[in-house]
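Sequence positions in the sequence shown follow my numbering and run 35 to 512. For glycine and all other residues, C-beta sits at the position ideal for the given N, C-alpha and C. Quantities reported herein were computed from a predicted structural model and do not represent experimental measurements.
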Amino acid sequence: MSRARKSSDFDVDGLLSPLSPGRPPVNDKDLRIAVYSSNFFTEDGVTLTCRRIMSDVKARGGSIRILTTVPTSRKRGPDRTVLDDEIIQIPAMDFPMPSYKRPANAAQLESDGYVVGKMLGQRAMAELSAFRPTIMHITAPDGGGLAAISWAYRHNVPVLATWHSNFHEYTKFYPLPALTAPIVQFWLRFFYMQTPLILVPTAQLRLELVSKLGLNPRRMGVWGRGINGRVFTPELRSEAFRAKHGIDNQTVLLCWSSRIVVEKRFDIFVEVIRRLTSDGLKVATLIAGKAVDDLGAGQLRSVQATLPNVTYIGWMKADELAVVYASSDILLFPSPVETFGNVTLEAMASGMPVIVDAQSGSHLVEDGVHGFTVLGGDVEGFYQATRKLCEPSAAPLRKRMGEAGRRRALEHYDNEANTQAMVGHYKAVMGRPSSTIRKLSLRWFWIDIFANLVLGLFIGGSFVIKYFLTLLFALLPI
């Protein structure tokens, strides 16, 4: 017997359906999007996705503001997608995971490390009020994101969240997973309970979050990712690029393109390369990415010192990375924690066969057609799949898989359609405010009063205590 539906339940299909009669359509110029992205100036899949959406909103005549931290050591180049007056700066603190903290020798690495937003601050809230957003788009589940949600509900601004990182999966790769996993899962469940609409990249991930975190499926929709087939194309293959790095046409070039961190399983990549080299196969390795902690930097130095034909080229911009993909022969990417797989999709669009983790890549890659999928952590499986594509007679197989992968990428993951879909979600949320939004607005009003009252009368001004109180009050059935 199914339970009776509560009035607080949220119907994603109802929200994203066409507007009801009598409600005027939302004009492009009415899009005033405040995006919370705590690491907007760190180039990764999350921020690149956000930048594409923001560029599209601005091209339509809409307006944006980015709530983010701004690292003092990061120089902002002329190719940024936002202007200085579109940035609202928020305070930050170190990320509570080893692979995201700024290491002691960060000057030798290619990253400032990741941070989390801890609050908004009076100045940021004043700038938000002056901007008068019509949507608050949340991309990071940290303290600053929670503060942004609170501000939005107190000002009757609809909230939309997009899921970008499987933090609940990261904990298994760090010390004390039995202790940290329940804490992370509890926080994620609490955080996304406060958002009436969560867009996740795949239907498979939606089911996983419902089963593992207990999120309400009625509040979850699917918004995938897209690819620009004109940017990522096999036509950019460059023999000059290969020659520059000492790689001839008879050598099979394997590519890594990601951060070098423990949860991405760079160790599996290294072990496969080591075994292929020991087998006497003519292979070379190109590592495009960045080491963001001491462990990753150590792994990278070890690989360069002990294996031949390994070239480290660092973090690449999209146009540079497109040449890297097109000039490589195989993408080996054993990461089990990808939410969608932007790297995999880019490689497929570039005409390259891919070897990926089955859990995080099977929605993109059909085993034996576009490359191979391997069960997570199976070093032998990754080795055998890669060796199959590195054999001297495997060139026709690589070509066939690469062509099939590009067809799939272009036919099913068009970038323009993807950005249009997000703009459609923005308009739907603006054009159909739900009772849930009004209810949560009232809920957050009382939460803020209770937290500040207790904070002011009995405790003092610690933002950590404020978040603890907010968490406590938010779980009450107000």
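For PHE225, the uninterrupted alpha helix (DSSP H) run begins and ends at 211 to 227, by DSSP. Spatial neighbours of THR311 in its own chain (CB-CB distance under 7 Å, excluding positions within 5 residues in sequence) are listed in chain order as VAL317, LEU341 and PRO342. The C-beta of GLU269 has fewer than 16 other C-beta atoms within 10 Å across all chains shown, which makes the residue exposed. Measuring C-alpha to C-alpha distances from GLY395 to each of GLN238, GLN123 and PRO175 identifies GLN238 as the nearest.
Looking at the DSSP output, TRP290 sits in a beta bridge with ILE321.
VAL193 is bridged by DSSP to MET170.
Taken through DSSP and simplified to helix, strand or coil, MET386 comes out as coil. Rounded to whole angstroms, the Cβ separation of THR168 and LEU65 is 7 Å, and the two are in contact under 8 Å. For PHE374, the closest C-alpha among the options TRP257, LYS92, SER71 and LYS63 is that of TRP257. Taking each of ASN283, GLY411 and ASP412 in turn and checking the Cα distance to ALA429, the smallest one comes out for ASN283.
As summarised for the stretch 351 to 429, the continuous beta strand (DSSP E) elements at least 3 residues long and confined to that stretch are 364 to 367, 388 to 391 and 405 to 408, given in chain order. Going by beta carbons, ILE281 and GLU380 fall outside the 8 Å limit.
In the three-state reduction of the DSSP assignment, VAL337 falls in the helix class, which pools H, G and I.
Its chain contains VAL408 and LEU409 as the residues whose beta carbon lies nearer than 8 Å to that of GLY415, once the 5 sequence neighbours on both sides are disregarded; these appear in chain order. In this structure, the alpha-carbon of VAL193 lies about 22 Å from that of VAL218. An exposed status is given to VAL403, since fewer than 16 other beta-carbon atoms sit within 10 Å of its beta-carbon. The alpha carbon of ARG309 has as its nearest neighbour, out of ILE87, LEU180 and CYS424, the alpha carbon of CYS424. For GLU372, the closest C-alpha among the options PRO175, PHE266, VAL234 and ALA443 is that of VAL234. Proximity to SER199 across VAL80, PHE224, ARG276 and LYS461 peaks at VAL80, based on C-alpha coordinates. Between LEU249 and LEU241 the beta-carbon gap is near 10 Å, outside 8 Å, which marks them as no contact. Between VAL326 and VAL295, the C-beta gap is smaller than 8 Å, which places the two residues in contact. Collapsing the DSSP output to three states places MET254 in a strand. Per DSSP, the beta bridge partners of GLN123 are THR102. Apart from sequence neighbours up to five positions away, the residues of its chain that approach ASP401 with a beta-carbon distance below 8 Å are ALA392 and THR407, ordered along the chain.
Bridge pairing for LEU233: THR196 and GLY255 [DSSP]. In the three-state reduction of the DSSP assignment, ARG66 falls in the strand class. In the DSSP assignment, VAL326 falls outside any beta strand (DSSP E), carrying neither H nor E. The alpha carbon of PHE225 has as its nearest neighbour, out of ALA186, THR453 and GLY177, the alpha carbon of GLY177. In the DSSP annotation of this structure, the continuous segment of the alpha helix (DSSP H) that includes VAL80 starts and ends at 79 to 93. Shortest Cα-Cα distance from LEU366 to any of SER292, THR267, PRO426 and ILE347 involves SER292.
In its chain, beyond the 5 residues on either side, PHE75, ILE121 and GLN123 have a beta carbon closer than 7 Å to the beta carbon of VAL104. DSSP places THR311 in no beta strand (DSSP E) but in the uninterrupted alpha helix (DSSP H) bounded by 300 to 312. Nearest C-alpha to TRP290 among LYS324, ASP313 and LEU329: LYS324.
Of the candidates ALA455, ARG252 and PRO368, the residue whose Cα lies closest to the Cα of PHE300 is PRO368.
Pairing ALA339 with THR345, the inter-Cα distance amounts to about 11 Å. Around PHE201, the same chain offers VAL218 and LEU222 as residues with beta carbons nearer than 7 Å, after the five sequence neighbours per side are excluded.
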